[in-house]
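So that you can map any letter, position 8 of the sequence shown is 19 in the numbering used here, and since no number is skipped, the others follow by simple counting. What follows is a single structure, written as structure tokens, with notes after it.
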Amino acid sequence: MTSPLLPKKVRTAHLAEFKQAGQKFSCLTSYDQLTAGIFDEAGIEVILVGDSAADNALGYDTTLPISVDEMIPFGRAVAGAVS
């Protein structure tokens, strides 16, 4: 559940503050609009779009070959689904 103390958009600086304060938060991975929307509605504070899209969504054997250009559509899809 979303804490009233959390900012609307959680940035990397906020994550450092949470760690220093010992504040817990939820974080799940998404690569698509549907899943990101479900996570957002469920109150997940942080939605990670990581290089694991390489092997989970694009079929690479590892995360190493994915490029920034390949990551951009995943980030856009997730960003467009969250408030």
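Quick reminder that beta carbons are idealized off the backbone N, C-alpha and C, glycines included. The structure presented is a predicted model; accordingly, all values stated were derived computationally and were not measured.
Can you tell me which of the options puts its alpha carbon nearest to the alpha carbon of residue i?
i, options, result
"ALA92", "TYR42, ILE77, PRO18, ASP62", "TYR42"
"ALA65", "GLU56, GLN31, GLU81", "GLU81"
I need the boundaries of the beta strand (DSSP E) containing residue i, first residue and last residue.
i, result
"VAL89", "Here VAL89 belongs to no beta strand (DSSP E); instead the alpha helix (DSSP H) covers 79-90."
Check whether the Cβ atoms of residue i and residue j sit closer than 8 Å, and answer yes or no.
i, j, result
"ILE58", "VAL89", "yes"
At least three beta-carbon pairs within less than 8 Å, the stretch 69-85 to the stretch 45-55:
no
So does the stretch 21-40 actually touch the stretch 68-82, counting three or more Cβ pairs closer than 8 Å?
no
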